[in-house]
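A quick write-up on the structure given underneath.
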Amino acid sequence: MSCNTVTFKRGSSFSASMVWNPEPGGIANLVGVTVQSTIIDAQQNEYDLTATVAVGGLSVAFVYPGSTAAWAIGTAKWDIKFLNGGTVFYSETMRIDLIGQVTA
Numbered sequence: 075m076s077c078n079t080v081t082f083k084r085g086s087s088f089s090a091s092m093v094w095n096p097e098p099g100g101i102a103n104l105v106g107v108t109v110q111s112t113i114i115d116a117q118q119n120e121y122d123l124t125a126t127v128a129v130g131g132l133s134v135a136f137v138y139p140g141s142t143a144a145w146a147i148g149t150a151k152w153d154i155k156f157l158n159g160g161t162v163f164y165s166e167t168m169r170i171d172l173i174g175q176v177t178a
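Going from the sequence shown to the numbering used here is simple: count from 1 and add 74.
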């Protein structure tokens with residue numbers, strides 16, 4: 075996963091997805107792998123996402139179950155943690171440019 079910066083409006087529902095592209099010699103899919111993800115906003119508040127691995131283990135859906143209305147405006151950071159047995163590995167860190175909504 076490459077490092078991206080996306081713009082997101084505070085107050086909107088947050089969801090995202092990723093596709094697992096197995097590397098030669100790596101794990102073939104994410105079945106049985108624990109996937110966790112957290113967004114940390116500009117004021118260092120942490121927001122845990124719900125991660126759901128698809129049947130077949132080749133994609134993951136991420137959803138923040140609460141409101142994003144209080145997320146701090148500015149640059150947030152986000153990554154994904156994978157736990158496979160006793161091995162832990164992480165995605166690259168992604169950036170989210172949080173901006174305020176215009177319409178109340």
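Just so it is clear, CB atoms sit at the ideal spot from N, CA and C, and this is done for glycine as well.
Using a Cβ-Cβ cut-off of 6 Å (strictly less than) and excluding sequence neighbours within five positions of Met-75, which residues of its own chain qualify?
Only weak support is given to the placement of Met-75: the predicted model assigns it a pLDDT of 44, under 50, and the value that follows is read from those uncertain coordinates. Cβ within range, chain order: Ser-165 and Glu-166.
Could you give the DSSP three-state label for Phe-163: helix, strand or coil?
DSSP places Phe-163 in strand when its eight states are reduced to three.
Assess, as a yes-or-no matter, whether the segment 136-152 is touched by the segment 96-108 under the definition of 3 or more beta carbon pairs within less than 8 Å.
These segments do not touch.
Quick check: Val-162 and Ser-89, are their CB atoms within less than 8 Å of each other?
Contact: no.
Could you name each continuous beta strand (DSSP E) segment of 3 residues or more that falls completely within the segment 109-138, going from the start of the chain to the end?
The qualifying runs are 120-127 and 133-137.
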